[in-house]
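S.K.: Under the numbering used here, the letters of the sequence shown match residues 361 to 425, in that order.
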Amino acid sequence: ATAALSHKDPEIQECGVRAFENWGNRHSLRILKNLKVPTEWLQEYINEVIDDLEKELHGITSKKN
Numbered sequence: 361a362t363a364a365l366s367h368k369d370p371e372i373q374e375c376g377v378r379a380f381e382n383w384g385n386r387h388s389l390r391i392l393k394n395l396k397v398p399t400e401w402l403q404e405y406i407n408e409v410i411d412d413l414e415k416e417l418h419g420i421t422s423k424k425n
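In structure tokens, the structure reads:
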């Protein structure tokens with residue numbers, strides 16, 4: 361999954377994000393929080409996954425709305 365995150369194709373990167381989302385642990389959250397991608401839709405998805413994992417693992421949210 362880590363290799364998928366560094367792939368040039370955003371759809372492959374999305375597959376990597378989905379793997380970390382499915383694992384849903386603190387390690388996955390840490391990796392996703394450090395991940396920045398230039399593709400807007402993918403970064404929005406990553407941010408949503410981060411919010412969901414934080415709620416699940418810590419009972420907090422990082423939304424800035």
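Using N, Cα and C, we set each Cβ at its ideal position, and we do this for glycine too.
Please return the same chain residues whose Cβ sits closer than 8 Å to the Cβ of Gly384, not counting the five positions on each side in sequence.
M.R.: Answer for Gly384: Leu413, Glu416 and Leu417, listed in chain order.
S.K.: According to the neighbour-count rule (16 or more other Cβ atoms, all chains shown, within 10 Å of its Cβ), is Gly419 buried or exposed?
M.R.: Under this definition Gly419 is an exposed residue.
S.K.: In angstroms, rounded to a whole number, what distance separates the CA positions of Cys375 and Ala364?
M.R.: Distance between the alpha carbons of Cys375 and Ala364 is about 7 Å.
S.K.: DSSP three-state call for Asn394: helix, strand or coil?
M.R.: If DSSP states are grouped into helix, strand and coil, Asn394 belongs with coil.
S.K.: Run the CB neighbour count on Ile372, radius 10 Å, all protein chains shown included, and call it buried at 16 or more, exposed below.
M.R.: By the neighbour-count rule (16 or more Cβ atoms within 10 Å), Ile372 is not buried but exposed.
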